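>
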Amino acid sequence: MLTQAAGWGIVPDYLAVFKPSSYRWLVPALNNPTEASQMSMTLGALLFGIIALCELLPAIRRLADWPTRAGIYFCAAVIYYISISGVACVEMESMLRYEFCVHALIVLAVLNFLGQFHKSPVLLRAFGMAAAVLVSAAGLSIQGWYVWNFTRGNWVA
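If you read the sequence shown in my numbering, its first letter stands for residue 865, the second for the next number, and so on.
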């Protein structure tokens, strides 16, 4: 942090996670990576909220393997908090690369959560597979767009 403060004038804002002004709700333009970075922070917060709701009912019924995922969620939350605190003063610029670790941990925990359901209906499994394919295709398309921009000398992260 001292290097960033001396070199770039970055001062951490440890309460940025709790400020509504830190979150961006508009769909980012594809040619503006800063807006995409700001939106990734909002998506991370939404994922944490949705997962908390999904985990609540099985945890209350004591049907979940909650202690296994609690460590993963804690690590993701700490990375999320430190990342946001560090780049809040520059309007969440380059948040895409900091949020990648958080999203990877969330996916790992969600897959562990879904692994506890042994007998899910075929239609539900088919819907889940289709949703995963569509989300993966959309993510690959966006990655392709950013690679194309980067190879032409534009700022991406």
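C-beta atoms are modelled at their ideal positions from N, C-alpha and C, and glycine is treated no differently.
Source: prediction; values computed, not measured.
Going residue by residue through the stretch 866-939, where are the continuous alpha helix (DSSP H) segments of at least 4 residues, counting only ones entirely within it?
866-872, 897-924
> Are there three or more Cβ pairs, one per stretch, closer than 8 Å when the stretch 924-943 is compared with the stretch 996-1014?
no
> Identify, in the order they occur along the chain, each residue of the same chain with its Cβ nearer than 7 Å to the Cβ of E957, setting aside the five sequence neighbours on each side.
T898, S901, V951
> On the criterion of 16 or more Cβ atoms from any shown chain inside 10 Å, does S885 qualify as buried, or is it exposed?
exposed
> Please state whether DSSP places N1018 in a helix, a strand or coil.
coil
> Should the stretch 935-948 be called in touch with the stretch 979-988, which here means at least 3 C-beta pairs below 8 Å?
no
> Quick one: residues in its chain with C-beta nearer than 6 Å to the C-beta of G908, no 5 flanking neighbours on either side, listed in chain order?
In its chain, beyond the 5 residues on either side, Y944, E963, V966 have a beta carbon closer than 6 Å to the beta carbon of G908.
> Three-state secondary structure (DSSP) at M956?
coil
> Quick one: residues in its chain with C-beta nearer than 6 Å to the C-beta of W930, no 5 flanking neighbours on either side, listed in chain order?
A923
> Use the C-beta contact count for L960: other C-beta atoms within 10 angstroms, 16 or more gives buried, fewer gives exposed.
buried
> Can you tell me the Cα-Cα spacing of V974 and D877, whole angstroms?
29 Å
> Assign F977 to buried or exposed, taking buried as 16 or more other Cβ atoms, counted over all protein chains shown, within 10 Å of its Cβ.
buried
> Is L972 closer than 8 Å to I915 when the C-beta atoms are compared?
no
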